[in-house]
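To keep things clear, I will list the structure first and then write my remarks on it.
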Amino acid sequence: AQSVTQLDSHVSVSEGTPVLLRCNYSSSYSPSLFWYVQHPNKGLQLLLKYTSAATLVKGINGFEAEFKKSETSFHLTKPSAHMSDAAEYFCVVTSDTGRRALTFGSGTRLQVQP
Amino acid sequence: DAGVTQSPTHLIKTRGQQVTLRCSPKSGHDTVSWYQQALGQGPQFIFQYYEEEERQRGNFPDRFSGHQFPNYSSELNVNALLLGDSALYLCASSEDSPNYNEQFFGPGTRLTVL
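Chains as they are written, first to last, in my numbering: chain C, 162 to 275; chain E, 1255 to 1368.
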């Protein structure tokens, strides 16, 4: 069985300040982990993925995440928030390479204040 | 490339009715997965189709069924609709490969059950 816990349902930052969205996972196997973003009225978009290669993963739009097995964490960060980053973010785990079922967290809504 | 397309965009039904949602995968993709996203929650995996057969299924009752056609498009059918079936239904497509392949999501169909 596998699961993810997103530790914050809402995060609010000011434009230009760092972003931290926290995610802990549980998996019986070596997991593959992802972060997806969902803008209003748009489909889910993959930000980045970890599939047992480098533990520090760089994604699109300046986001990155670090896989920490000892802490079972996969937190998402960005050095400087932009207004366009306001959206819902989902941490996702799968025991496969991503070809099968994805297990989503409950989501973190990121607000960016001007 | 049109990406993953879904129809209709919105749908309103009453309890007890049946509904069919449609999905066309991204060009070159042969695998289709369906997810249910209730308001304020993360998507939940319903099932996945590959080679016109259901390959994996999540924890959903038999009222939820699907089909995949030879051109890889797919339908999701829900019988005996309940109020709790109101949600955004997301379709995702991918290539079947032993290496990781991203699941590309469509914009979804919003189903309201009255």
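Virtual Cβ for every residue (Gly too), placed ideally from N, Cα, C.
Cβ separation of residue i and residue j, assumed to be a contact under 8 Å, to the nearest whole Å
i: C:Q206; j: C:S189; result: With 8 Å as the limit, C:Q206 and C:S189 do not qualify as a contact, their Cβ atoms being about 28 Å apart.
i: C:R183; j: C:H243; result: 20 Å between Cβ atoms; not a contact.
i: E:Q1290; j: E:I1300; result: 6 Å
i: C:V254; j: C:L194; result: 5 Å
i: E:G1296; j: C:F251; result: 5 Å
i: E:T1274; j: E:N1331; result: 5 Å
i: C:H200; j: C:R270; result: Not quite, the Cβ-Cβ distance comes to about 11 Å (not below 8 Å), so this is no contact.
Rounded separation between residue i and residue j - CA only
i: E:S1261; j: C:G266; result: 26 Å
i: E:Y1343; j: E:N1355; result: 21 Å
i: C:Y211; j: C:V218; result: 6 Å
i: C:I221; j: E:Q1271; result: 42 Å
i: C:Q272; j: C:A248; result: 7 Å
i: E:H1321; j: E:S1328; result: 6 Å
i: E:W1288; j: E:F1314; result: 11 Å
i: E:Q1401; j: C:L263; result: Residue 1401 of chain E cannot be examined here, being either before or after the span of chain E that is shown, 1255 to 1368.
i: E:T1285; j: E:S1340; result: 25 Å
i: E:S1278; j: E:E1349; result: 14 Å
i: E:P1324; j: C:S175; result: 50 Å
i: E:G1312; j: C:T178; result: 39 Å
i: E:K1220; j: E:G1257; result: Residue 1220 of chain E falls outside the range modelled here, since chain E spans only 1255 to 1368, and no answer is possible.
i: E:A1334; j: C:A214; result: 46 Å
i: E:R1269; j: C:T216; result: 48 Å
i: C:N275; j: C:S234; result: Checking the sequence shown, residue 275 of chain C turns out to be Pro, not Asn. Rounded to the nearest angstrom, the two C-alpha atoms are 30 Å apart.
i: C:S256; j: C:P192; result: 5 Å
i: C:Y197; j: C:L209; result: 7 Å
i: C:V165; j: E:L1337; result: 27 Å
i: C:A226; j: C:N185; result: 12 Å
i: E:K1267; j: C:K230; result: 46 Å
i: E:C1345; j: C:E232; result: 32 Å
Exposure of residue i, with buried meaning 16 or more beta-carbon neighbours within 10 Å
i: E:G1294; result: exposed
i: E:Q1302; result: buried
i: C:L181; result: exposed
i: C:F224; result: buried
i: C:P240; result: exposed
i: E:S1347; result: buried
i: E:T1263; result: exposed
i: E:D1316; result: exposed
i: E:T1366; result: exposed
i: C:G268; result: buried
Handout entry: the stretch 1358-1367 of chain E contacting the stretch 197-206 of chain C, beta-carbon criterion three pairs below 8 Å
Key = Cβ pair count under 8 Å is three or more, so yes.
Exercise for the section: Mind checking the stretch 1264-1285 of chain E against chain C and listing, in chain order, the residues whose C-beta falls within less than 9 Å of any C-beta there? Expected result: Taking 9 Å as the Cβ-Cβ cut-off against chain C, the residues of the stretch 1264-1285 of chain E that qualify are T1285.
Practice task
Taking a Cβ distance cut-off of 9 Å, strictly less, list which residues of the stretch 171-197 of chain C are near chain E, in chain order.
Solution key: For chain E, the residues of the stretch 171-197 of chain C that bring a beta carbon within less than 9 Å of one of its beta carbons are S193, F195 and Y197, in chain order.
Practice task
Using a Cβ-Cβ cut-off of less than 8 Å, give me the residues of the stretch 207-234 of chain C that come near chain E, in sequence order.
Solution key: Only L207, K210 and T212 from the stretch 207-234 of chain C bring a Cβ to less than 8 Å from some Cβ of chain E.
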